[in-house]
Every structure is written in C-alpha cells, then in structure tokens.
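Numbering (the working numbering), first residue to last: 5 to 325.
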C-alpha cells in the first residue's frame, strides 16, 4: 500500500491528509479491540489492520519533515520524544493498564499525542506526478535504501532479541534487563538530540555513514563486554538506534527531490518491514551454524553494517558520475 499511496500523495499533495486519516484509523482500530477480547480471530484481524494503518501513518509523518527548516533537529526531537514517552509509559502507566481497558486507554493516549501534529503542522505544498518505474531505475536511491536496510536488519534484531540475549548470555533477571533497556532509552534521547542538531550543521550524507561504525563497534563491544559493564552496552545501543532513526529519513529527503518525498520514504518504511523478518531469520541461521552460541552469533551480525558501508560507498561513486 505504501508505494501506491506515496505516489498518490506526491502527485496530489495529500501528505498531511493521509497522515491524519491513517492516524485516526490506527486509534479507532486500537480502541475497537476493547470489545473483541473474547473473539480472538476477529481481534487478530483488527490488530493486523491497526498495524498496517500505523505503518502508513508513519510514512506521511516522516514526509511532513519537509515543512521544517531544521529537519534534522525536528527528526531528532521526534526520536528523543518517542524514547521519553515509552519510558514514562512503562514506568508510570503500564501497571495501571489492564485488559481490556488498555486498548481504549492506549488508543486515547495515541490520539492525544497525535493532535498537535494533526492540528498544527502544515501540509507540504511540494507535488509532482511520480512514476514508480523511474524510482526503481534510480541506482543511487536503490543502493542507499539497501545500505539503510543493512543497518535496520541489526537494529530490528536488537530490539526483538536483546532481552533473550541478556538472559541467555549473562543470566540477567527481568529487573536488570529493564535497567539495560532503560539506559538504552537514555542513549536514544541523547543520541536523538545530538544527531538531530548535527544533521542541520553537517550534510546528512556525511553524517549517516557514522552509523556503520557505531553498529560495528556495538556488535564487537557486545561480544567482549563483561557482565558488570553491560549497562554501557545499553547506552551504546540507544545511541546507535537514535542515529539510524534520526538521520535515515532526513538523508532520503535531502538526497532526492522533495516532490517525491512520500514515495521515497515509503521505501524506507519497507526496509523496516523487511528487516523485521529477515533480521530474525539471519539471527536464527547464525544460531544454528554456531550451535546456539549467542555471543558469536551476535558478533557475526557485523556482516550487515560492513555490507551496508560498501553499498553506501557505491552511492558516492554514482553521485560523482
């Protein structure tokens, strides 16, 4: 859906319209789960729709960055706010939310937090009729998307498996795992603000490759770090994640015509969806090859940022040509 709707949004200038529609659909689908707790099949279907609506809303949320003069700072503050919101919710609200009321409560909170963007952000005026065939022929763009995908593979695997990794390798209890994740959130806040400001001062094209070094360093550190220093790894993970989420969308916007923002960012959204599956498949394959050696399997994931760096270097040669 994202590619087609992105094309339509760019052609007709409907970025904010789609953002509003899909944000409200996300909240509506989430709230309706309140009444489906005894209907698991119907609940799963509605939940799937909610996920799709949310993914579409994110594409156009990202596309509206072109309305800002300081896109990097806006992107970074958005990332930092997400980490702060998640931390505050887990610390103060999660224990108060019970099924089935949690679906209505979370959907209401989502709507409240979306209202400033819905009411205050301007719809970007840039518009152009876009042909997907031409986008697919853009080699620089495809190499850039693949390089972003390589980092997203590691990021999504980290998010999904960090709790399991800490339990298997270090034998940590839930309370200690939450501390590592909490420090990761702190790293996300710090990284979001820092990389956001840097994106406005330095070309994002020059700043984005820092991520290949960050993720390579993280995976190597994760292999050697002793149990008593594991909190530092959580901080480094948060900084690495913040760099990726903050700079990748700004990189796409700055590197290609703003009139094609929605279509280009729909590809960025697709990298996240693809990575959610292929990253875990790669991780499971590495576990199988290494005989369930979690440390070594995580270290071998370094092939992704290294491959990404090679692909990103290819975009530089295409730019010169």
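Where a beta carbon is used, it is the ideal one built from N, C-alpha and C, also for glycine. All of these numbers come straight from a predicted model, not from anything done at the bench.
Length of the line joining the Cα atoms of residue i and residue j
i	j	result
residue 258	residue 208	8 Å
residue 53	residue 33	7 Å
residue 253	residue 154	15 Å
residue 106	residue 97	10 Å
residue 64	residue 232	43 Å
residue 156	residue 248	8 Å
residue 316	residue 38	45 Å
residue 229	residue 152	27 Å
residue 18	residue 133	12 Å
residue 170	residue 181	7 Å
residue 216	residue 309	5 Å
residue 103	residue 31	16 Å
residue 87	residue 185	11 Å
residue 27	residue 61	6 Å
residue 314	residue 148	10 Å
residue 166	residue 16	42 Å
residue 294	residue 244	26 Å
residue 225	residue 275	26 Å
residue 304	residue 320	27 Å
residue 290	residue 76	36 Å
residue 50	residue 292	35 Å
Nearest residue (CA-CA) to residue i, options the options
i	options	result
residue 191	246, 11, 216, 158	246
residue 115	210, 261, 58	58
residue 126	22, 211, 204, 84	22
residue 205	5, 74, 43	74
residue 5	267, 86, 108, 101	267
residue 122	275, 212, 68	68
residue 117	85, 173, 225, 297	85
residue 193	138, 92, 112	92
residue 139	8, 280, 291, 320	8
residue 158	290, 313, 219	219
residue 210	256, 110, 50	256
residue 283	203, 162, 167, 183	162
residue 179	27, 235, 244, 108	235
residue 273	15, 41, 24, 56	56
residue 14	244, 176, 305, 131	131
residue 70	289, 291, 261	261
residue 298	281, 99, 173	173
residue 318	78, 277, 50, 146	146
First and last residue of the uninterrupted alpha helix (DSSP H) at residue i
i	result
residue 153	143 to 174
residue 228	214 to 228
residue 112	105 to 124
residue 57	44 to 67
residue 258	234 to 259
residue 100	That residue, residue 100, is in no alpha helix (DSSP H); it is neither H nor E in DSSP.
residue 94	Neither: residue 94 is in no alpha helix (DSSP H) and is coded neither H nor E.
residue 306	Premise fails: residue 306 is in no alpha helix (DSSP H) and is neither H nor E.
Residue i (DSSP reduced to helix, strand or coil)
i	result
residue 264	helix
residue 296	coil
residue 133	coil
residue 73	coil
residue 5	coil
residue 16	helix
residue 128	coil
residue 41	coil
residue 25	helix
residue 206	coil
residue 177	coil
CB-CB length for residue i against residue j, believed under 8 Å
i	j	result
residue 323	residue 144	6 Å
residue 221	residue 187	Actually they are not in contact, since the Cβ atoms of residue 221 and residue 187 sit about 17 Å apart, beyond 8 Å.
residue 80	residue 201	7 Å
residue 196	residue 83	4 Å
residue 251	residue 199	6 Å
residue 302	residue 160	Residue 302 to residue 160, Cβ: 14 Å. No contact.
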